[in-house]
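Written below as C-alpha cells is the structure these notes are about.
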Amino acid sequence: MTSRKTSTVAAGAIIFSVGMLMSRLLGLVRDNLLLQTFGNTDVTGAYKLAFMIPDLFYYLLAGGAMSAAFIPVFTSYLSKGEDEEAHRVGSTIATLLLIAMSICVVICMIFAPQLLHLIPSSHQFTPEAFNLTVSLTRVMCVMLIFTAQSGHLTGILNSYKHFLAPVVVWNVYVLCTLLGITVFTKMSIFGGSPQHPSIYGVAYSVVLAAFMLAAIQFPVAIKYGFRFSFAIDLAHEGVRRVFKLFAPVMFSLALSQVNILMIPLVMGAVFGLAAVTDISNANKIVMVPFSLFAAAIGTAVFPTLAQQVAIGQTREFRETLNKSVKIILMLSIPSAVGMTVLAKPISCLLYGGGRFGMPGVHATAYVLGLFAWAVLGLGVAQVVNRAFYSLHNTRTPTIVSVAMVAGNFAFSWYLAKYSGFQYGSVAIATTITSTISTLVLIELLRRRLGGINGRALVLMTGKVLLASALMGIVLYYTASLLAPSILGERLLPTFNWVPPYLPFSVANLPETLLIVPRLALILQVGLSMTLGIAAYLGMLKLLKVEELSIITDRLLRKVRKTRPPATV
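Each number in the working numbering comes from the position in the sequence shown (counting from 1) with 316 added on.
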C-alpha cells in the first residue's frame with residue numbers, strides 16, 4: 317500500500333514538474349519579450365505592480381487557501397464513497413467564490429487609487445506612473461472571477477489525483493499572454509500600433525488567459541465525475557468544515573504569498589519602479605525550481621497525506637512526509653547553488669537584450685544571488701504546511717506565518733534603510749525569515765507526530781550539501797572558461813555585493829538596443845549545468861543517498877513503459 321501511494325505521489329509530482337517546466341520556460345520567454353518591448357521602465361514596473369492587488373484578493377479568498385481547506389474535506393467524502401456529499405460541498409464553494417470574487421472586482425474597480433496609496437512608497441511615483449498602475453489594476457482585476465474558479469477546479473481534480481489538466485492550463489495561460497505581447501500590444505483597439513506598442517494589450521490578454529484557465533478545467537472535472545450545480549448550502553457539515561479550516565489557512569497562505577511576492581514589490585518600489593522589475597525578474601527565476609520541485613511535490617503529496625490521516629495511517633503519514641522533505645531538499649539545494657554561481661549569465665540569457673540593457677541584467681543578477689537560498693525554506697514549507705492541514709491543524713501554520721511576514725517586513729525595512737544592500741535587502745530578509753519559520757514548523761510537527769526521523773533527514777542534508785559544493789566548483793570553473801563578452805565585459809560567474817546602478821526612467825536608457833550573444837550564453841549555462849549536475853549525481857551515488865533512487869527508478873519505469881517492444 318505504501319509503495320503504491322509513493323508511486324502515485326511520484327507520478328503526480330513528475331506530471332506537475334514537466335508541465336510547470338514548460339510553463340516556466342514559456343513564462344521566461346514571455347518576460348523576455350515584455351522587457352525587450354517596454355524595457356526596464358515605469359511602464360513595465362506599473363504593469364508588474366498592478367498584479368499585486370488582484371493577486372492579494374485571489375490568495376485571500378481563493379487560490380491555495382481555499383484548496384488547502386477544501387481538499388481534505390472533499391477527499392474524505394470521496395474516500396468514504398459519499399460522492400453526492402462531495403459534489404454538494406464543491407458546488408457550494410464554487411458558487412460562493414463566484415459571488416465573493418465579483419464583489420472583489422467591484423472593489424478593485426472603484427477603490428484602485430486608494431488601495432495603491434497603501435503602498436508606502438506610492439507618493440514617490442510620478443502622476444503618469446501612478447495613473448497607469450491604477451488603470452492597469454482596473455483592467456486586470458476582472459481575472460479574479462476566472463482564476464478563483466480555476467483554483468477551485470484544480471483542487472477538485474487534485475482530489476481525484478488528476479494533475480495533468482491543471483498544469484496544461486497554465487501553459488495555455490502563458491501562451492495567451494504571449495499573444496498579448498506580440499499581437500494585442502500592436503492593435504489600435506488596445507491603444508497600440510506596430511511602432512508604439514501599448515501595455516494595455518498585455519493587460520487584456522491576462523484576462524483572456526484567466527478565462528481559459530477555468531474554461532478548460534471545467535469539462536475535465538465533469539469527466540472525472542464532479543457534478544456541479546448552483547447551490548449555497550451553508551448548513552452542510554462539509555461546507556462548515558471547509559470554512560472552519562479556511563479562515564486560518566487563508567491567513568497562513570495569503571501571508572506566505574505576501575512574503576514571497578507582495579513585500580518584495582512593495583519594498584522594491586521604495587527604490588523606484590525599475591527596482592520592482594528587477595526584483596520581479598529574480599523572483600521568477602527562483603520560482604522555477606520552486607514550482608518544478610517543491611510546489612510539484614507539495615501538490616502531489618497533499619491528497620495522499622489527507623487520505624492517510626482520514627483512514628488513520630499515522631506511520632505511513634510520517635514516512636510520506638519524511639520522503640517528501642528529503643526529495644525537496646535533494647532538488648532545492650543544488651538549485652540554489654546553481655542560481656547563486658550562475659546568477660549573471662542566467663539573468664543575461666533570460667532577460668538581456670533590446671531595451672533591457674546591462675544595468676538591468678546586473679541588478680537582476682544581484683537580487684537573484686541574494687534570493688536563491690530562499691528556495692529551501694519556501695520549498696520545504698510546501699509539504700510541512702500541507703502536513704498540518706491534513707491533520708486539520710490550521711492554527712499553527714497561521715501563527716508562524718504571521719510572525720514570518722512581520723519579521724520579513726521589519727527586517728527588509730531595516731536593511732533597506734540602514735544597510736548598503738538597497739533593493740537587495742528584501743531578498744536577504746525573505747531568505748532568512750522563510751528559513752527560520754520553516755525550521756520552527758518542522759520542530760512543532762516533530763513534536764506533534766512524536767518524531768519524523770530527523771536524524772536521517774539531517775544526515776541526508778549533509779550529503780546533499782557536500783555534493784552541491786562539488787557541483788558549485790564545477791559550475792564556476794566551466795562557466796568561467798566559457799564566459800562570453802558583452803560590451804567589453806565578460807559574463808563571469810561572480811557575485812557583486814554592491815547594488816548596481818538602476819536606470820529610473822526611459823530617459824536614462826541607452827538609445828541603442830542591447831544585442832546579446834544567446835548561443836554563447838546557452839553554451840555557457842547549458843554545458844556548465846550539465847557537467848555540474850553530472851558531478852552532483854555522481855557524488856550522491858558515491859555517498860549512497862537512497863532518495864536518489866526514488867526519482868531515478870520512477871523515471872526508468874516510465875522509459876520502459878514507453879519503449880517499443882523488441883522485434884525478432
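Just so you know, even glycine gets a beta-carbon here, dropped at the ideal spot from N, CA and C.
- Separation of P580 and N447 (C-alpha to C-alpha, rounded to the nearest whole angstrom) is 21 Å.
- In this structure, DSSP gives G670 an extended state, which the three-state scheme calls strand.
- Between G517 and F506 the beta-carbon gap is near 4 Å, inside 8 Å, which marks them as a contact.
- When secondary structure is reduced to three states using DSSP, E862 falls in the coil class, being assigned neither helix nor strand.
- Counting other Cβ atoms within 10 Å of its Cβ, G778 stays below 16 and is therefore classed as exposed.
- In the three-state scheme derived from DSSP, where H, G and I count as helix and E and B as strand, E398 is classed as coil.
- Separation of V455 and L431 (C-alpha to C-alpha, rounded to the nearest whole angstrom) is 15 Å.
- With contact defined as three or more Cβ pairs closer than 8 Å, the region 694-702 and the region 612-632 are in contact.
- No Cβ-Cβ contact shorter than 9 Å links G740 with L707.
- Per DSSP, the continuous alpha helix (DSSP H) segment holding D358 begins and ends at 358-366.
- A direct Cα-Cα distance of roughly 21 Å separates G588 from G670.
- Here L830 is bridged, per DSSP, to G670.
- The shortest CA-to-CA distance from D358 to any of F386, E444, V677, V485 is the one to E444.
- If you draw a 10 Å sphere on the C-beta of I461, you find 16 or more other C-beta atoms in it, and that means buried.
- Remark: three or more beta-carbon pairs, one from each stretch, lie closer than 8 Å, so the region 533-552 and the region 402-412 are flagged as touching.
- In chain order, P816, Y817, L818, P819 place their CB closer than 7 Å to the CB of P675, counting only its own chain and leaving out the 5 sequence neighbours on each side.
- Residue pairing of S801 in beta bridges, as defined by DSSP: R806.
- Under the Cβ criterion (8 Å, minimum of three pairs), the region 842-859 counts as touching the region 787-796.
- In the displayed model, D594 falls within a helix according to three-state DSSP.
- The residue among G397, P370, F386, L665 with its C-alpha nearest the C-alpha of I419 is P370.
- For P713, the uninterrupted alpha helix (DSSP H) run begins and ends at 711-734, by DSSP.
- Taking the Cα positions, M603 is about 26 Å away from M855.
- Per DSSP, reduced to three states, the secondary structure at H708 is coil, with no helix or strand assignment.
- In the DSSP assignment, M456 falls within the unbroken alpha helix (DSSP H) covering 443-456.
- Taking the C-beta atoms as reference points, A410 is found nearer than 9 Å to H468.
- Fewer than three Cβ pairs drawn from the region 858-867 and the region 803-811 lie within less than 8 Å of each other, which leaves the two stretches out of contact.
- A distance below 9 Å separates the beta carbons of G723 and I752.
- Excluding the 5 residues flanking it on each side, L412 has same chain C-beta neighbours closer than 8 Å at I548, in chain order.
- Residue nearest to Q624 within the set T391, S514, G584, K860 is T391 (criterion: CA-CA distance).
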